[in-house]
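Line by line, the protein sequences are chains L and P.
According to the numbering used here, the first sequence is numbered sequentially starting from 1.
According to the numbering used here, the second sequence is numbered sequentially starting from 1001.
2 protein chains.
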Amino acid sequence: MRFGLFGAAQAQRNQGPDVDSAAGFNDYIEYLIEAEALGYHSAFMVEHHFTGFGQVSATLNLLGWIGAKTSTLRLGTAVLVLPWHNPVLLAEQAATIDLLSGGRLDFGVGKGYRHNEFVGFRIPMEEAEGRFNESIDIISKSWTSNERFSFHGKYWQFDDIIVEPPTHQQPHPPFWQGAGSQGSLRKVAARGHNLLLDQFASMDETTNRFNTYKAAMLANGNGFDPAQVAVARAFFVTDTQEQKTEALHRRMTAQRRLHAVSQTPDNNNKASIMAFSDTFEANEEATLFGDPDHICRKIEWLQNQGVDYILLNGGGTSRDNLRRFAKDIMPHFRTESSARIIAA
Amino acid sequence: MRFGLFGAAQAQRNQGPDVDSAAGFNDYIEYLIEAEALGYHSAFMVEHHFTGFGQVSATLNLLGWIGAKTSTLRLGTAVLVLPWHNPVLLAEQAATIDLLSGGRLDFGVGKGYRHNEFVGFRIPMEEAEGRFNESIDIISKSWTSNERFSFHGKYWQFDDIIVEPPTHQQPHPPFWQGAGSQGSLRKVAARGHNLLLDQFASMDETTNRFNTYKAAMLANGNGFDPAQVAVARAFFVTDTQEQKTEALHRRMTAQRRLHAVSQTPDNNNKASIMAFSDTFEANEEATLFGDPDHICRKIEWLQNQGVDYILLNGGGTSRDNLRRFAKDIMPHFRTESSARIIAA
């Protein structure tokens, strides 16, 4: 079983002097440096814009800084929203990080789902899928073509280009995509991309999605390796029921804030990530909050469903939470490869 | 007198296995880490695309990596070509690097001059100036507005955005611009931006440009500090005339290659950076190639014209050249502030 991290730093514009803001980013970097030392496999980072509460916007720049400060941690995006980016510039940026990090980039991409971002960039939500697909094509071509090419699409046109630098991973860094609906899951599998499952869906729904993707990958002849599916889950190691209840309420407050910026004016945003139940009970069920025994049992259940890779999210940048999970929970789920290294 | 560096790494797509390519980038990073230790003030890095000979494309990503590996080196761009970029994404990326580096970003920008890049991005060269000006406005507003705003320009539109993270430097990182013609120099001064003078123009032409900018800054009431003008010069410390001649020929070959990708089909690219004389004698005159005495005399001449900041370019990533300049030449031009630090 692999354990990575999923999250972001905060650097707010309105918090006054920049000392606070820089600290938000720098704390997160220090958190991930320690995470690598504790045995975490990866850090996946969001991209968001215009929230006013300081989410990470220039994901590949922060991720690159983290790459320079670490040596084995996989550097993931979860997810870069392709409709906002010139695909050739993004291919160059990602290739640069992959090259500098010696091939540690996990290139997670999405089509966007937040209303406030489509408004800000003035891109109609209806174009999201078309722009996403076109960008995937251009980025793939940019990374793999050693010859000059032209591309004349609906949204982007380029003439006589060769895109540099080369990526370190060959033929290119792995693509990861988030998906929730049956149709989306099958599309991800059809492309042979890796799958990110969100932190909000229930454990049952998550395993349904896992199985849909697995079946589609096998049906398509793409083969299936459980390391291709990363399941995001919020985590918080607590000692008492009171701590746990308090942490779940904090989480629900933060979720509602995100929901508010993401929702469309007609209150009908159809993205699967928006469709989770936000009751206290649903949150308790979907998260890894509680004492180490409780968390271990939930992870075992996921493991029995075939899940082999969990991306842990939350607890702010609590070092205590990070350390306790590594000390009290990770050792129960040693990967075969770790076991082999220990035996060698 | 301040000495910084100006240049780029190479990571070529067609050199076979990526070991070579990664080495090109990694060598450059190691070169700049040593440069910081030797007392160099800054590293300014180019942005270019589609050359096929592996110039740096994702400048802020490579620069960020260098920022994470250094602690005092100023991180400059020379220059980011604004017409290629979504200005809000670029403002976010630059702010992230400025924040993470504790305010070390020098934000050099230009409108582009290379034919092959305008073709590749399918942007008419006639739009360069308009796009440049609009981007400057959006980036400035993005960095300085603590409130949501909308922008409806000719090339870019945004609605109800607040751009994060904040920059570390307040009100924002310094803008630097390249300029050569009298009109362009006056425009840079009118904006109060800092000035980058290219490495190709003769010593006389360079001081003419310096004086035009200085006069315009004073006339505009912007004040003038010589630290606001960085003069790029190729440098190579040699022991024999033969070494010097050989190095100048290497330089001329490289220049012709750049000229070929930059020139327009009508052979009439009007950018001032294209107008230099490429005779051997002109190259000898404009560069700092030769033994330490010879180089010191040329720098003294520039110093007597008022120049106080030189960006050294060239010699590939020769550590020997970097060290000899630091050891044999820099001590003759101790800055007042260094002298004060030494006296304290």
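Idealized CB from N, CA, C, for every residue including glycine.
Where residue i sits in the DSSP three-state scheme
{"i": "valine 1156 of chain P", "result": "In the sequence under discussion, the amino acid at residue 1156 of chain P is tryptophan, which differs from the valine named in the question. DSSP places tryptophan 1156 of chain P in coil when its eight states are reduced to three."}
{"i": "asparagine 26 of chain L", "result": "helix"}
{"i": "threonine 77 of chain L", "result": "strand"}
{"i": "glycine 130 of chain L", "result": "helix"}
{"i": "tyrosine 1040 of chain P", "result": "coil"}
{"i": "glycine 7 of chain L", "result": "strand"}
{"i": "glycine 1052 of chain P", "result": "coil"}
{"i": "isoleucine 329 of chain L", "result": "helix"}
{"i": "leucine 122 of chain L", "result": "Before going on, a small fix: residue 122 of chain L reads as arginine here, not leucine. In the structure shown, arginine 122 of chain L sits in coil (DSSP, three-state: anything other than H, G, I, E or B)."}
{"i": "arginine 2 of chain L", "result": "strand"}
{"i": "tyrosine 1031 of chain P", "result": "helix"}
{"i": "glycine 988 of chain P", "result": "Chain P is shown only over 1001 to 1344; residue 988 of chain P falls outside these bounds and no answer can be derived."}
{"i": "valine 261 of chain L", "result": "helix"}
{"i": "asparagine 313 of chain L", "result": "strand"}
{"i": "alanine 1286 of chain P", "result": "helix"}
{"i": "alanine 1234 of chain P", "result": "strand"}
Outcome for residue i when other beta-carbon atoms lying within 10 angstroms are tallied against a minimum of 16
{"i": "serine 1202 of chain P", "result": "exposed"}
{"i": "glycine 4 of chain L", "result": "buried"}
{"i": "asparagine 116 of chain L", "result": "buried"}
{"i": "glutamine 169 of chain L", "result": "buried"}
{"i": "glutamate 92 of chain L", "result": "buried"}
{"i": "isoleucine 71 of chain L", "result": "Going by the sequence as given, residue 71 of chain L is serine instead of isoleucine. By the neighbour-count rule (16 or more Cβ atoms within 10 Å), serine 71 of chain L is not buried but exposed."}
{"i": "alanine 1037 of chain P", "result": "exposed"}
{"i": "glutamate 134 of chain L", "result": "buried"}
{"i": "glutamate 1285 of chain P", "result": "exposed"}
{"i": "proline 1124 of chain P", "result": "exposed"}
{"i": "proline 1083 of chain P", "result": "buried"}
{"i": "leucine 185 of chain L", "result": "buried"}
{"i": "threonine 1096 of chain P", "result": "buried"}
{"i": "alanine 344 of chain L", "result": "Residue placement at alanine 344 of chain L cannot be trusted, given a pLDDT of 31 that sits under 50; what the coordinates show is reported in the next sentence. Result: exposed."}
{"i": "proline 1171 of chain P", "result": "exposed"}
{"i": "tryptophan 1176 of chain P", "result": "buried"}
Chain L within 8 Å of residue i, Cβ atoms only
{"i": "tryptophan 1084 of chain P", "result": "yes"}
{"i": "aspartate 1160 of chain P", "result": "yes"}
{"i": "proline 1265 of chain P", "result": "no"}
{"i": "leucine 1033 of chain P", "result": "According to the sequence as given, residue 1033 of chain P is isoleucine; it is not leucine. No, isoleucine 1033 of chain P does not count as interfacial toward chain L."}
{"i": "glycine 1054 of chain P", "result": "yes"}
{"i": "glycine 1039 of chain P", "result": "no"}
{"i": "glutamate 1030 of chain P", "result": "no"}
{"i": "asparagine 1061 of chain P", "result": "yes"}
{"i": "aspartate 1018 of chain P", "result": "Only weak support exists for where aspartate 1018 of chain P lies, its pLDDT of 41 falling under 50; the value from the coordinates is given anyway. Yes, aspartate 1018 of chain P lies at the interface with chain L (some Cβ there is under 8 Å from its Cβ)."}
{"i": "isoleucine 1097 of chain P", "result": "yes"}
{"i": "glutamate 1092 of chain P", "result": "yes"}
{"i": "isoleucine 1341 of chain P", "result": "A caution first: isoleucine 1341 of chain P carries a pLDDT of 35, below 50, which makes its placement in the model too unreliable to give a value."}
{"i": "phenylalanine 1025 of chain P", "result": "yes"}
{"i": "glycine 1064 of chain P", "result": "yes"}
CB contact check: residue i to chain P, cutoff 8 Å
{"i": "alanine 216 of chain L", "result": "no"}
{"i": "phenylalanine 132 of chain L", "result": "no"}
{"i": "proline 124 of chain L", "result": "no"}
{"i": "proline 165 of chain L", "result": "yes"}
{"i": "leucine 312 of chain L", "result": "no"}
{"i": "tryptophan 176 of chain L", "result": "no"}
{"i": "valine 119 of chain L", "result": "yes"}
{"i": "isoleucine 138 of chain L", "result": "no"}
{"i": "leucine 80 of chain L", "result": "no"}
{"i": "lysine 111 of chain L", "result": "no"}
{"i": "glycine 76 of chain L", "result": "no"}
{"i": "glutamine 301 of chain L", "result": "Reading off the sequence, residue 301 of chain L comes out as tryptophan, not glutamine. Closer than 8 Å: no."}
{"i": "serine 57 of chain L", "result": "yes"}
{"i": "phenylalanine 107 of chain L", "result": "no"}
{"i": "alanine 230 of chain L", "result": "no"}
{"i": "alanine 68 of chain L", "result": "yes"}
{"i": "phenylalanine 351 of chain L", "result": "Here chain L has residues from 1 to 344 only, and residue 351 of chain L is not among them."}
Could you tell me which whole alpha helix (DSSP H) segments of length 4 or greater appear in the region 151-232 of chain L? 182-191 and 203-219
Run through the region 1087-1111 of chain P for me and flag every whole beta strand (DSSP E) of 3 or more residues, listed as ranges in chain order. Listed in chain order, they are 1105-1110.
Report yes or no: do the region 1076-1086 of chain P and the region 1040-1047 of chain P share at least 3 C-beta pairs separated by less than 8 Å? yes
Spell out a yes or no on whether the region 1095-1103 of chain P and the region 1123-1136 of chain P are touching, meaning 3 or more CB-CB pairs, one atom from each, closer than 8 Å. no
Specify whether the region 1217-1229 of chain P and the region 1253-1260 of chain P touch according to this definition: at least 3 beta carbon pairs, one from each stretch, less than 8 Å apart. no
Between the region 1137-1145 of chain P and the region 1289-1296 of chain P, can you find at least three pairs of beta-carbon atoms closer than 8 Å? no
The region 1209-1216 of chain P in contact with the region 1262-1269 of chain P per 3-pair CB rule at 8 Å: no
Three Cβ pairs or more, each shorter than 8 Å: is that satisfied between the region 224-239 of chain L and the region 189-202 of chain L? yes
Is it true that the region 234-247 of chain L meets the region 318-329 of chain L, where meeting means three or more beta-carbon pairs spaced less than 8 Å apart? yes
Taking one C-beta from the region 1055-1073 of chain P and one from the region 62-69 of chain L each time, how about it: are there three or more such pairs within less than 8 Å? yes
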